[in-house]
Each structure stands twice: as structure tokens, then as C-alpha cells.
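Enquirer: Before we start, here is the structure in question, set down as C-alpha cells.
Residue numbers (our numbering): -6 to 148.
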């Protein structure tokens, strides 16, 4: 009986490849979890600043503060974008906004109005669904419609 000759080096073993993939996946998962926890902490801690500002700001001031907060957001982008209504709520809830809510046009969240208003503010929207300025106005509208008790969170 003759031994088959070795065909030469055939690369790393399947076990080694799967082991490396497992290490990479676990490391990526740990990093993603750490980044999310860090981002969530930043949002939670920074909302205290918006609350403090909300005690003295009018509605337009809360919009400005929330847009500045979003611009300086140190969390991951998705969390920053999705937290805009939350930021607006924390700013707006610090004072009674009843009189201001009465003056708000209920049709203000229509696309044309939002596009024009955000352009006037110097924060034009390219895509309304992904526009921080539009999100602040939608949160304001939601806040007033909910009798200053909540905002609708968009997903």
C-alpha cells in the first residue's frame, strides 16, 4: 500500500478560520454594546442641560437649543437623530407653553411649511424624514397636541 503524497500546504484549518471569525464577531459585539451604552449615557446626561435651558427659553429658543444639542451630539448618529423629540420634550416641559401652543398653526407640520421654515432658520432639509429641524417642529406640534404631557417618538 502506498501513502498518498502531500499536495503541499493547503491553508489554515477550518477550526482556525471559524475561531478567528468567532473572535471578530464577539469583539465587534462588545464594541457595539460599549458604544451604545456610552451613547445612551451621553444622551441621558446631556438632557439635564436642555432641561436647565428650557426654564428660560421660549419655543424658538428650545428649537435652537435642541438643534445645537443635536449638532454637538457625541452619541452614535442614529441615537442622536432619534433623540431629537426627547430633547425637545425635556426643554419644552420646563415651562407652561399653553399660550405659545395656542398660537401654533395646526398645519405647520406639512412638508412645504417645514421646508420653508427650516430654510429660513439656515437648516434646510433635503429629506424631511431625516431632517433634524423638521423633527424639532414635529416634536413641538406633538407636544402641543398632547396638552404638554408628551411627544411622539418617531422610529
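Each residue gets a CB set at the ideal place from its N, CA and C atoms; glycine is no exception.
Around the Cβ of residue 59, are there at least 16 other Cβ atoms within 10 angstroms (buried) or fewer (exposed)?
Expert: buried
Enquirer: Where residue 36 and residue 68 are concerned, what is the direct C-alpha to C-alpha distance, given to the nearest angstrom?
Expert: 7 Å
Enquirer: For the alpha helix (DSSP H) holding residue 77, just list the boundary residues, first then last.
Expert: 77 to 85
Enquirer: I believe residue 85 touches residue 136 by the beta-carbon criterion, under 8 Å. Please report the beta-carbon distance rounded to the nearest angstrom.
Expert: 5 Å
Enquirer: Can you say whether residue 62 is buried or exposed, counting buried as having 16 or more other CB atoms within 10 angstroms of its CB?
Expert: buried
Enquirer: What residue range does the alpha helix (DSSP H) around residue 52 cover?
Expert: 52 to 64
Enquirer: Please classify residue 106: does DSSP put it in a helix, a strand, or coil?
Expert: helix
Enquirer: Classify residue 77 as buried or exposed, calling it buried when 16 or more other Cβ atoms lie within 10 Å of its own Cβ.
Expert: buried
Enquirer: On the DSSP letters alone, give me the boundaries of the alpha helix (DSSP H) that residue 12 sits inside.
Expert: 7 to 47
Enquirer: Please name the residue, chosen from 65, 115 and 82, that lies closest to residue 47 on a Cα-to-Cα basis.
Expert: 82
Enquirer: If we count the other Cβ atoms within 10 Å of its Cβ and call it buried at 16 or more, is residue 107 buried or exposed?
Expert: buried
Enquirer: On a CA-only basis, which of 105, 22, 142 and 18 is nearest residue 90? Give me that one, please.
Expert: 142
Enquirer: From 88, 66, 10 and 32, pick the residue whose C-alpha is nearest to that of residue 45; which is it?
Expert: 88
Enquirer: Going by DSSP, what residue range makes up the alpha helix (DSSP H) through residue 92?
Expert: 91 to 95
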